[in-house]
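Take the sequence shown: its position 114, counting from 1, is numbered 347 in my numbering, and each next residue is one higher.
C-beta atoms are modelled at their ideal positions from N, C-alpha and C, and glycine is treated no differently.
Below: one structure, written as structure tokens.
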Amino acid sequence: MARVTSKNDSPLVPLPTNSFVPERDVKERPILETRHLGIDFGGLKAVEDFNITIGRTEITGLIGPNGAGKTTIFNLLTKVYEPTRGTILFDGYDTHNMDTVALNKLGVARTFQNIRLFNKLSVEDNVKLGLHNSIKYNTAEGIFRLPSFWKEEKKSHEKAMELLKIFNMEGMADWQAGSLPYGAQRRLEIIRALATNPKLLLLDEPAAGMNPSETAELMENIVHIRDTFQIAILLIEHDMNLVMGICEGIAVLNFGKIIAKGTPDQIQSDPVVIEAYLGKKHGGEA
Numbered sequence: 234m235a236r237v238t239s240k241n242d243s244p245l246v247p248l249p250t251n252s253f254v255p256e257r258d259v260k261e262r263p264i265l266e267t268r269h270l271g272i273d274f275g276g277l278k279a280v281e282d283f284n285i286t287i288g289r290t291e292i293t294g295l296i297g298p299n300g301a302g303k304t305t306i307f308n309l310l311t312k313v314y315e316p317t318r319g320t321i322l323f324d325g326y327d328t329h330n331m332d333t334v335a336l337n338k339l340g341v342a343r344t345f346q347n348i349r350l351f352n353k354l355s356v357e358d359n360v361k362l363g364l365h366n367s368i369k370y371n372t373a374e375g376i377f378r379l380p381s382f383w384k385e386e387k388k389s390h391e392k393a394m395e396l397l398k399i400f401n402m403e404g405m406a407d408w409q410a411g412s413l414p415y416g417a418q419r420r421l422e423i424i425r426a427l428a429t430n431p432k433l434l435l436l437d438e439p440a441a442g443m444n445p446s447e448t449a450e451l452m453e454n455i456v457h458i459r460d461t462f463q464i465a466i467l468l469i470e471h472d473m474n475l476v477m478g479i480c481e482g483i484a485v486l487n488f489g490k491i492i493a494k495g496t497p498d499q500i501q502s503d504p505v506v507i508e509a510y511l512g513k514k515h516g517g518e519a
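Here's what the structure looks like:
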């Protein structure tokens, strides 16, 4: 699959912290920095010395074999788990004392490996739930249906429809979310995350269950989202065509540690990465 390009494509350049971001982001503060991040479960070091820097409009891939710790990283970044050690800086803020809700309000949104929609609600209402950060009426105004309530409801409807158009789903606004095909449910979860107005969007296996045509469309839409909203995107994905096709920087995780970081070309030719995925060769046999 060919690489999806955009007007924002630029080479990675080094920072003084021995990390890399796209050239277009080099004068801006990174949206995310982790320093020696780690977490233990009992005596097991599930993640150890995880260091990553993401530019403000960068699309980054986090890849690795099953069980490498990728979703654990997402849970750390979104404060589902509290790190055992290390620091997470989001937009320059230390997230140590923040919970998931506070971090979402600051600008971090995610999707999940297992889809988490409100299946009995409509597609539009699922998106509106993501707009909670921008709702401006109070409880009393909502209960008594005051003019301020209807004004905000109108704005929420318009915003929800605008977001649904990204994936050409505006015609499904009244459908029950649970009745959508699997691929459409995946897309709806991304739209709901975008509704929270994030600066960093975390996508956990967004192409899971999609056919090649849907995956190709998803690639184009992820780049479109980055270009339109000027946000950073960090994704976990096993579909290497997608990862190599849209990611500018890639980090490879194995047994809770980063074993390689670089551009798609660098990662594809890295012998350590090849060994982690394909197994070490012995006597000419894989």
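Please list, in chain order, all residues of the same chain as E518 whose beta carbon is under 7 Å from its beta carbon, the five residues on each side excluded. For the purposes of this step, residue 518 is taken as residue 285 along the sequence shown, with counting starting at 1. Note that E518 has pLDDT 35, beneath the 50 cutoff, so the model's placement of it is unreliable and the number below is only indicative. Same-chain partners within the cutoff: there are none.
So what does DSSP say about Q346, is it helix, strand or coil? Locating residue 346 in the sequence shown gives position 113, counting from the first residue. Coil at Q346, not helix or strand.
Alpha carbon to alpha carbon, what distance is there between K312 and M331? Translated into the one-based positions of the sequence shown, residue 331 becomes position 98. Translated into the one-based positions of the sequence shown, residue 312 becomes position 79. Roughly 7 Å separates the two Cα atoms.
In the DSSP assignment, the alpha helix (DSSP H) including E453 goes from what residue to what residue? The residue given as residue 453 occupies position 220 in the sequence shown. Note, E453: alpha helix (DSSP H), P445 to F462.
How would you call R459, buried or exposed, if buried means at least 16 neighbouring beta carbons within 10 angstroms? Residue mapping note: residue 459 aligns to position 226 of the sequence shown, counting from 1. When all chains shown are included, R459 counts as buried.
So, E256 versus R289, is the Cβ gap smaller than 8 Å? In the sequence shown, the residue the question calls residue 256 occupies position 23. In the sequence shown, the residue the question calls residue 289 occupies position 56. Their beta carbons are not under 8 Å apart, which means E256 does not touch R289 by this criterion.
In angstroms, rounded to a whole number, what distance separates the CA positions of G276 and D472? Walking along the sequence shown from the start, residue 276 turns up at place 43. Walking along the sequence shown from the start, residue 472 turns up at place 239. For G276 and D472, the distance between alpha carbons rounds to 32 Å.
Would you call the CB atoms of A428 and G363 closer than 8 Å? Within the sequence shown, residue 428 is the residue found at index 195, counting from 1. Within the sequence shown, residue 363 is the residue found at index 130, counting from 1. Yes; because the gap between Cβ atoms is below 8 Å, this pair is in contact.
Label F377 either buried or exposed according to how many other C-beta atoms from any shown protein chain fall within 10 Å of its C-beta, with 16 as the threshold for buried. Numbered from 1 along the sequence shown, position 144 holds the residue referred to as residue 377. Confidence is the limiting factor: at F377 the pLDDT is only 49, short of 50, which leaves the residue's position unreliable, though a coordinate-based value still follows. F377 is exposed by the Cβ-count criterion.
Go through its chain and collect everything with a Cβ distance to Y314's Cβ below 8 Å, but skip five positions before and after it. Position 81 of the sequence shown holds residue 314. Hits under 8 Å: I272, T305 and N308.
Status (buried if at least 16 other CB within 10 Å, exposed otherwise) for D197: Shown here, the chain extends from 234 to 519; a query on residue 197 therefore has no answer.
For the beta strand (DSSP E) that N284 lies in, which residues bound it at each end? For the purposes of this step, residue 284 is taken as the residue at position 51 of the sequence shown. Looking at the DSSP string, the run of the beta strand (DSSP E) that includes N284 is L277 to I287.
Any idea which residues DSSP pairs T304 with across the strands? Within the sequence shown, numbered from 1, the residue matching residue 304 stands at position 71. T304 is not bridged to any residue.
Segment limits, alpha helix (DSSP H) that includes E422: The count along the sequence shown starts at 1 and reaches residue 422 at position 189. First-last of the alpha helix (DSSP H) with E422: Y415 to L427.
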